[in-house]
Each structure stands twice: as structure tokens, then as C-alpha cells.
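What follows is a short report on a single structure.
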Amino acid sequence: METKKLPVLLLFVVLFSGQWAFCERSFALGDDFRLTLGGDVRARYEGFNRDVIWVDGTAKAGPAVEYLRVRTRAWMRLEMPEGISLNVRFVNRSHKVSSHFNDPNDNGAATWEFPDEVVLDLLNIHFADLLVSGLSLTLGRQELGFGNGMLLAEGTPYDQGRTVYHDGAVLRYKTETDVVTLFSFYNEWKDRLVFINDQNRRLRSGDIFTLGAYWTHSFEARLNVDAYYMYNDVHDDYPDSRESCERNHPTDANLSLHTVGGRIFGRLNDNFDYSLEIARQGGRNNQGRHNQGMMVDARLRYHLPQEIMFTPSLGFELLSLTGDKSDTRKSEGWNSLMTECPLWREELLPIMYNGVWTNLNMYRGDVVLKLTKKLTFTGALAALVANETDFSSGGGHYLGTLFSAFLDYKLFDNLALSAEAAHFKAGDYYVNGQDSVWGRLQATLTF
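Its first residue numbered 2, the sequence shown is counted upward by one per residue in my numbering.
Below, the structure is given as C-alpha cells:
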């Protein structure tokens with residue numbers, strides 16, 4: 002990627018400011034009231050070539066996409082008597098394009114120029130030890146996720162990493178061996194609480210009602226069990242036009258979706274961690290077809306003895322997501338409705354597939370090396386295979402090979418730097434498959 006003066010300057014400003022920045026501050030207000038204030042700034046200089054979007058293209062179509070994104074967050078937590086707390090977080094995220102295959106750059110269509118919007122990212126009240134010990138209730142705008150993020154990870158997928166919130170209620174009961182979580186959300190397709198410069202951006206496929214239960218039981222460190230059920234109802238009768246989304250996210254995507262699944266996981270000994278998750282989907286989509294998606298995710302991590310240089314660990318993963326068949330009246334493909342986000346850190350595949358995870362067998366391995374106390378390297382290799390080839394242009398099953406690498410450096414306790422890159426080599430699933438690259442420099446300052 003071509004280096005530009007603006008992003009380099011901003012990254013240096015963030016880097017040097019870390020020497021004087023302070024972390025989250027807490028103030029006693031008396032009568033068992035306590036106020037906590039904090040915030041962070043995340044600067045990302047990111048770029049990818051046009052083949053990430055048009056992997057099956059036949060010719061280059063202009064320069065690579067390059068942009069600077071700066072996300073600023075400020076939060077407040079007010080702790081009150083009786084275990085009650087109020088949580089508020091504001092977010093601003095601006096986006097400056099320095100290169101694009103469409104001209105002119107910064108044309109307003111796909112660019113979120115400064116100052117963009119100020120968004121309420123969190124707005125909730127939390128009741129700890131409600132009625133009995135271990136029972137808690139959170140009401141309002143909040144974040145929620147489980148396990149490896151394969152069920153519920155992202156509530157606002159179309160805002161490109163700015164927020165992940167849900168609007169609703171979470172009731173949770175904890176004991177020494179069990180955690181039971183009941184949750185219900187109603188997420189509107191647009192944010193009605195935007196303060197500044199609302200551009201009516203579409204945040205998700207429609208208005209989504211969610212109802213679910215997640216139970217975790219711990220037998221011992223070596224054996225833990227998750228069981229879950231989630232229901233989603235998508236109402237999407239809104240017009241297309243400018244209110245759809247960049248890269249034409251589907252409209253009129255009404256859907257009822259039931260997901261039932263479970264996971265076993267644990268740490269077998271000092272060397273091995275494991276996780277095995279299986280889920281099945283039902284319901285109907287907007288075409289009246291029965292949903293029959295299935296997901297299997299198996300993971301194993303081997304931690305080598307700490308006496309070995311760089312204390313390496315090796316990870317292995319096998320993921321299988323069913324694909325849809327064009328010649329049936331069923332929807333056999335896995336529906337990633339609530340997980341349309343980067344699940345493996347790199348963002349080449351999420352950009353390429355618009356955040357949709359389906360019709361995929363992934364065989365992935367990675368190595369993590371702690372080069373110094375503050376510097377960590379992660380390298381990964383993944384082979385991607387399609388279950389179905391009904392929509393393949395090349396006729397083959399092999400989507401391609403993904404190489405990715407990440408370098409993380411914690412300069413100060415409140416300042417983290419990272420360099421990330423990925424390369425995709427297309428397979429015979431594509432008739433004109435083009436290699437593609439993605440990269441990002443990132444600095445995150447907490448204050």
C-alpha cells in the first residue's frame with residue numbers, strides 16, 4: 002500500500018500521546034456512589050486491492066482501496082447502592098479515503114467523512130444480585146457474545162466495525178458450576194439514537210427480533226458443556242435505493258430462523274485446549290423455503306512447554322458450514338445472520354464475502370510466538386473448500402488458500418500497536434480467480 006502523509010502523521014500523534022495518557026479513572030461520590038470515566042482511540046490505516054471484492058474479475062479496475070479510519074469512544078459507569086450501575090458509551094468513527102478504484106474519491110457514497118456521527122454505543126442499567134445471589138439483569142443497549150462467536154457476535158454488521166450492540170434485556174444466573182443466560186433483543190435496521198449527521202445508514206438486514214437461552218455447565222476444567230437455542234425473526238420490507246447498503250446487501254430478506262446447538266470444551270492438561278461445537282437451523286426464509294443449515298466447528302490448541310524459545314502454541318481448526326443447493330425448495334445453507342463479522346481477525350474474507358459465512362469447509366492452522374514480553378507474532382494458513390458448486394464459475398470445489406500474519410506490540414499499558422496482512426490465492430471454484438491482498442496498521446490508545 003502506498004504510504005500517505007495524513008495517516009502516518011496521525012499514527013505518530015497517537016503513539017507519542019501514549020506517553021502522557023492516563024487509564025480509566027474512578028471517583029468516589031459518597032453514599033456508595035462511584036463514577037468511572039474512560040475512553041479509547043483506535044486508528045486504522047487499511048488497504049486492499051480490487052480483487053478482494055471481485056475475485057473472479059478478468060481485468061484490473063483502477064487502484065487499490067486505501068483509507069484511514071479513526072474510532073473514538075468515551076464511556077461512563079455510575080455505580081449505585083444495591084448493586085445497580087448505569088453504563089453509557091459514545092462512539093465517533095470517521096473515514097478518510099486516500100485511494101479508490103472509483104473516481105472521484107470521497108464522493109460521499111461509501112465514505113464516512115469527519116465528523117460523521119456520534120452514536121450511543123452503550124446505554125444500559127445493570128442490576129447485580131437481583132433478588133437472589135448470582136442473578137443479574139441488564140436492560141438497554143448492550144453487547145453480548147458466547148463461546149467462539151459462532152452463534153452471536155455482531156448486532157450491527159453493516160457499520161463496518163464501528164459498533165456491535167443489541168437493544169434489549171439479558172437475564173443471567175450464575176452458580177459455581179452453571180451459567181444460564183436468557184436474552185431478548187429488538188434491533189432496528191437503523192439507529193434511532195444517532196446524535197450528529199445521521200445519514201440513515203442501514204445497520205442490518207432488517208428489524209430483527211431475537212429470543213434465546215444459553216446454558217454453560219462446568220464438570221471440571223477438562224470438561225465444560227454449552228447448550229443453546231436462539232430464535233430470530235427478520236422483518237425487512239424496506240425499499241432498496243440508497244437505504245440498502247454498500248455492495249448491495251439484500252433487501253426484502255424476511256426470515257424466521259431457529260438455531261439449536263451445543264459445545265463441549267476444556268483444557269485437557271497444561272498443553273491441550275479443545276472445543277467442539279455443532280448447531281442446526283430451522284425456520285423459513287422470504288421465499289418460503291425451509292432452513293436446514295448446519296455448522297460444525299472443531300478446534301484444538303497445543304501449548305508447547307514454556308522452556309522452549311518464544312513459548313509457541315499451535316492451533317488447528319476444522320469448520321464446516323453447509324451450502325445452499327439451487328435445485329431444491331429448501332435452504333440448506335448455514336445462515337450467519339448474527340455473525341456477519343471478522344471471526345478470525347483478518348478482514349480479507351469478510352470483505353470478499355460481504356461478511357456472510359456459508360457454504361464453506363475451512364481447514365486452518367496457526368502458530369503463535371511470543372517474541373518478547375511485549376511483541377507477539379501470529380501466522381495462519383487456511384484451505385477453503387466449498388460444499389456446493391451450484392454458484393461456482395469455475396466448476397471446482399476449491400475456493401482458495403488464505404495466508405495471514407499478525408504482529409502485536411504493547412508499547413505501554415494503554416497503547417497497543419499492530420500490523421496485519423493477508424493474501425488469498427484463488428482456487429478452481431473461480432474461472433478467472435485472482436490473487437488478492439489486504440493489510441492494516443493499527444494503533445489503539447486507552448485513556
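The C-beta atom is built at its ideal place from N, Cα and C for all residues, glycine as well.
Burial state of residue i, where buried means 16 or more other Cβ atoms lie within 10 Å
i, result
"G428", "buried"
"Q435", "buried"
"W439", "buried"
"N292", "buried"
"F220", "exposed"
"Y431", "buried"
"R330", "exposed"
"N433", "exposed"
"F186", "buried"
"Q288", "exposed"
"E83", "exposed"
"D32", "exposed"
"K426", "exposed"
"F29", "Correcting the residue identity first, residue 29 is Ala in this sequence and not Phe. Burial call: exposed."
Selection from the options that minimises the alpha carbon distance to residue i
i, options, result
"E347", "L442, L212, L320", "L442"
"L350", "G31, H167, V53", "V53"
"F392", "L361, L408, T373", "L361"
"M296", "E83, D130, G263", "G263"
"L183", "K191, L172, E177, W190", "L172"
"D168", "K191, F147, L416, V181", "K191"
"T217", "L79, S405, I265, T164", "I265"
"G396", "A387, F404, F425", "A387"
"E421", "N433, A406, V432", "A406"
"G39", "R51, A75, L30", "A75"
"N272", "I126, E308, I279, V261", "E308"
"V133", "D414, N415, T176", "T176"
"D238", "T340, G84, S314, E189", "E189"
"L194", "V119, T312, R163, F147", "V119"
"C342", "F413, R94, S137, Q161", "Q161"
"M81", "V89, R35, E67, A65", "R35"
"E25", "D414, S437, A423", "D414"
"G283", "S276, V261, N270", "V261"
"F128", "Y166, A170, I85, A154", "I85"
"K375", "F147, V165, L408, D33", "L408"
"L372", "S95, H398, M310, G324", "M310"
"S276", "R223, N255, Q288, D325", "R223"
"G213", "I197, V165, D33, G146", "G146"
"D117", "E278, Y399, I197, D32", "I197"
"T359", "S95, D208, N336", "N336"
"Y354", "D32, R45, A44, W55", "W55"
"G156", "D32, F115, E278, I209", "I209"
"Y229", "R202, E278, N270", "E278"
"L138", "A170, L123, R163", "A170"
Residue i - containing alpha helix (DSSP H), residue span
i, result
"I209", "Premise fails: I209 lies in the beta strand (DSSP E), 208 to 221, not in any alpha helix (DSSP H)."
"I352", "349 to 353"
Supposed contact pair residue j and residue i - C-beta distance, whole angstroms, cut 8 angstroms
i, j, result
"T454", "D41", "Examination of residue 454 is not possible in this model, given that the chain is present from 2 through 448 alone."
"Y364", "A384", "5 angstroms"
"S27", "L69", "At roughly 33 angstroms, the Cβ-Cβ gap does not stay under 8 angstroms, so S27 and L69 are not in contact."
"R495", "S332", "Given that the chain is displayed from residue 2 to residue 448, the structure contains no residue 495 and the question cannot be resolved."
"L121", "F91", "6 angstroms"
"L87", "I126", "5 angstroms"
"S394", "D57", "5 angstroms"
"R302", "L315", "7 angstroms"
"F369", "P306", "One detail in the question is off: residue 369 reads as Val in this sequence, not Phe. No, V369 and P306 are not in contact; Cβ-Cβ is about 15 angstroms, not under 8 angstroms."
"G148", "D234", "Actually they do not touch by this definition, with Cβ atoms about 23 angstroms apart."
For residue i, the first and last residue of its enclosing beta strand (DSSP E)
i, result
"I265", "256 to 268"
"M81", "66 to 81"
"L145", "Note, L145: premise wrong, no beta strand (DSSP E); not H, not E."
"G443", "Before going further, note that residue 443 is Gln rather than Gly in the sequence given. It spans 437 to 447 - the beta strand (DSSP E) in which Q443 sits, taken as one unbroken run."
"Q282", "273 to 286"
"F184", "179 to 188"
"N336", "Taken as a continuous stretch (DSSP letters only), N336 belongs to no beta strand (DSSP E), as it is neither H nor E."
"F28", "26 to 31"
"N360", "Note, N360: premise wrong, no beta strand (DSSP E); not H, not E."
"N415", "Note, N415: premise wrong, no beta strand (DSSP E); not H, not E."
"L194", "That residue, L194, is in no beta strand (DSSP E); it is neither H nor E in DSSP."
"S95", "85 to 100"
Short Cβ contact (7 angstroms threshold) for residue i with residue j
i, j, result
"G135", "Y174", "yes"
"R268", "D274", "yes"
"L464", "Y159", "The requested residue 464 is not part of the displayed model; the chain covers only 2 to 448."
"S257", "R285", "yes"
"G366", "F317", "yes"
"G294", "G356", "no"
"N50", "T73", "no"
"L403", "L412", "no"
"S206", "A254", "yes"
"H101", "V66", "yes"
"G150", "L344", "yes"
CB contact below 7 angstroms: residue i versus chain B
i, result
"F28", "Here there is only one protein chain, and chain B is not present."
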